[in-house]
Amino acid sequence: MNILKLLVSIFFFGCSTQTLKAQSLDLDASLKSISDKYQAPALGAMLIQNGIVKDATVVGVRKWGDATPALLSDQFHLGSCTKAMTATLFAILVEEKKVNWTDTLEMLFPEILNLNESHKKTTVEMLLAHRGGLSTKLPLDLKNNLWKVNDSTTSSEQYKLVAESVLTIPPEITPGSQFLYSNTGYILVGRIIEKVTGKTYDELIVDKLFKPLSMNSCGFGAPGSSDLSAPDQPWGHKLVNQIPFPLKPGLNADNPKAHHPAGMVHCSMEDWGKFVNEHIKGFNNESSVLLSSESFHKLQTSYPGQTYTYGGWDRIERPWGGGVVFAHEGTNTYNRATVWFAPLIKSVLMSVSNIVTNDQKNGDLTNPKNPNNEAIAILIHKLK
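Under the working numbering, the residue at position 102 of the sequence shown is numbered 108, and the numbers go up by one with no gaps.
Encoded structure:
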C-alpha cells in the first residue's frame, strides 16, 4: 500500500487492515523517507500511550547545509498549537475566580472609550472558539507597526497596542455569526489575562502551566541562539527556489511578540506531550495538577454549530481513536507542528518539522501532501 492510500484510509476512515512491510513500521526509517521526499531539514514524531512515550524519533539536521543533527530533546516551534495552552491558562484563572467565560469585551476593556459597538457583547469564550468576528490576521498597518517596534517593546505592550487598535474598528464579520479563525482573538485573550491578574501572560503561563508540568524546555519565539558556529536548536526554514533556506534565530525568524498567546511557544515533543496528556486525564475524569475535570470538559466542548472547541482544539470523530479525537496544527510559516489526541484510547500523536513546504495548506489536518501528516499516519498505524 503506498503512503497516499494509507493516509486517505487512516485519516478519513480509520486504520487500514492491510499489513504493511516491516520497514514501513520502523519510525526512524519511515521519517527519513518522508523527510527526503519533502526536503524537510528535520522531522520528528512521537507516540504517547497511557502517559508513556511508546515510540519517538527525530531525523535530519537542525539547519539545512549544516551537519549538526536534530535531536529528540530539541525545541520545536509549535505555532498555533500554543492556543490550547492559552485557553487552558484562561480556564485556570476562571477556577481562581479572576474572570468568567462569559465576561464581555465591554466589561473587560472599560478604558477603551471608543470601543466599537459591535465588539461590546463579544465574550471571551467567543474569542477562544473563533466566534469573535475578528480578522484571521492582524490588520496590515498594525502588523507593520508592531514590526517597527518589535525590538523596543515588550509582548505585554504589544497586546495593549493590538487591543486599542482592533477594538475601535468594526469586526470583519458579525460576532457570533460564524467561525472565523483569528490569531487576533487569542492576542486579546492574552491581554485580558494580564488585565485580570496584574501579571504578564509570559510569566503566568510559566508559573501555572510549564512549571507544574515540568515543561522545562518551553519558551517563546524561534528557539536557539544565533551567536553559535553550530546551531544549538532547529532553525526555521523557508523555500527559496525550492531549496530550504535557514532563518537565523531572533526576532525576524518569527511573528511580532504580540503573537505569544496565539502561536509562539516552542518546546520539546516530550514536554508538549505532558501538556496534551493532562487533557486526556481531564476528558477521562482523572486527577490533573492543572484543572478540574469540569474545566477540561468545557475546554473540550465544541462551540455550537462547529467542531472547534473553547479550548484551542478541533473535536472530531475517528474510528482509529475509538470515537472522539482532538487535533490542531500550528505554523509560523517556517516551522510546523501537528498533534492529535485520542482520549478514549489514551493516546497522543504528534509531529514537528522546521519547514513549511509549498504543498502544505494551513489548517489542513488531512492533506496527504504534508510531511507532518504523513508522520502522523505512521503513528496511527502503530497504535495497539
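By construction, the Cβ of each residue, glycine as well, lies at the ideal position given by its N, Cα and C atoms.
Do residue j and residue i count as a contact pair if the criterion is CB distance below 7 Å?
| i | j | result |
| --- | --- | --- |
| Val-59 | Ser-41 | no |
| Asn-48 | Leu-385 | Note that residue 48 corresponds to Ala in the displayed sequence, not to Asn. No, the Cβ-Cβ distance between Ala-48 and Leu-385 is not below 7 Å. |
| Thr-299 | Asn-291 | Note that residue 299 is Ser in the sequence shown, not Thr. Taking 7 Å as the Cβ cut-off, Ser-299 and Asn-291 qualify as a contacting pair. |
| Gly-336 | Leu-111 | no |
| Leu-257 | Tyr-340 | no |
| Gln-306 | Gly-317 | yes |
| Tyr-187 | Thr-142 | yes |
| Leu-114 | Leu-173 | no |
| Ser-162 | Glu-200 | yes |
| Gly-288 | Pro-255 | no |
| Ala-343 | Cys-87 | yes |
| Pro-177 | Thr-74 | no |
| Val-354 | Ile-54 | yes |
| Pro-267 | Ile-198 | no |
| Leu-119 | Thr-190 | no |
| Asn-378 | Ser-357 | yes |
| Gly-328 | Ile-351 | yes |
Residue i by DSSP, collapsed to three states: which one?
| i | result |
| --- | --- |
| Cys-87 | helix |
| His-266 | helix |
| Ser-30 | Bear in mind that the predicted position of Ser-30 carries a pLDDT of just 41, short of 50, making it too unreliable to give a figure here. |
| Arg-197 | helix |
| Thr-238 | Before going on, a small fix: residue 238 reads as Asp here, not Thr. Reduced to three states, the DSSP call for Asp-238 is coil. |
| Val-362 | coil |
| Asp-320 | strand |
| His-387 | helix |
| Val-172 | helix |
| Lys-244 | strand |
| Val-130 | helix |
| Asp-147 | helix |
| Asp-61 | strand |
| Pro-325 | helix |
| Tyr-187 | coil |
| Pro-377 | helix |
| Val-155 | coil |
| Gly-288 | helix |
| Thr-203 | helix |
| Gly-279 | helix |
| Tyr-192 | helix |
| Tyr-44 | helix |
| Val-330 | strand |
| Asp-208 | helix |
| Gln-24 | Residue confidence for Gln-24 is low, a pLDDT of 37 falling below 50, so the modelled location carries little weight; the figure read from the coordinates is stated next. Looking at Gln-24 - three-state DSSP - the assignment turns out to be coil, as it is neither helix nor strand. |
With residue i and residue j assumed to form a contact (beta carbons below 8 Å), what rounded beta-carbon distance in angstroms separates them?
| i | j | result |
| --- | --- | --- |
| Gln-81 | Ser-274 | 6 Å |
| Gly-269 | Lys-89 | 7 Å |
| His-272 | Gly-242 | That pair is no contact at about 10 Å. |
| Ala-264 | Val-362 | In fact, because the Cβ distance is near 21 Å, the residues do not count as touching under 8 Å. |
| Glu-284 | Leu-219 | 7 Å |
| Asp-260 | Gly-311 | In fact, because the Cβ distance is near 33 Å, the residues do not count as touching under 8 Å. |
Hey, is residue i's beta-carbon within less than 7 Å of any beta-carbon in chain D?
| i | result |
| --- | --- |
| Arg-137 | Included in the structure is just one protein chain, with no chain D present. |
Take the Cβ of residue i as the centre, count every other Cβ of all protein chains shown within 10 Å, and call the residue buried at 16 or more, exposed below.
| i | result |
| --- | --- |
| Pro-240 | buried |
| Val-4 | With the chain running from 7 to 390 in the structure shown, residue 4 is simply not present. |
| Pro-262 | buried |
| Ala-28 | With a pLDDT of 37 at Ala-28, under the threshold of 50, the modelled position of this residue cannot be trusted; read the value that follows with caution. With fewer than 16 other Cβ atoms within 10 Å, it is exposed. |
| Ser-79 | exposed |
| Asp-34 | exposed |
| Thr-160 | exposed |
| Ala-46 | buried |
| Lys-304 | buried |
| Asp-213 | exposed |
| Ile-249 | exposed |
| Asp-147 | exposed |
| Gly-138 | buried |
| Glu-117 | exposed |
| Glu-101 | exposed |
| Trp-153 | exposed |
| Glu-131 | buried |
| Glu-380 | buried |
| Asn-338 | buried |
| Gln-184 | exposed |
| Phe-19 | Per-residue confidence for Phe-19 stands at a pLDDT of 46, beneath the threshold of 50, marking its modelled position as unreliable; the derived number appears in the next sentence. When all chains shown are included, Phe-19 counts as exposed. |
| Asn-247 | exposed |
| Thr-108 | exposed |
| Asp-233 | exposed |
Based on the DSSP secondary-structure assignment, which residues constitute the bridge partners of residue i?
| i | result |
| --- | --- |
| Met-356 | Met-52 and Val-345 |
| Glu-335 | Thr-344 |
| Gly-225 | His-272 |
| Phe-251 | Lys-244 |
| Phe-400 | This structure cannot speak to residue 400, because the chain is shown only from 7 to 390. |
| Thr-315 | Ser-308 |
| Thr-412 | Absent from the model: residue 412. The displayed extent of the chain is 7 to 390, so no value can be given. |
| Gly-394 | Given a span of 7 to 390 for the chain in the structure shown, any question on residue 394 remains unanswerable. |
| Pro-75 | Val-67 |
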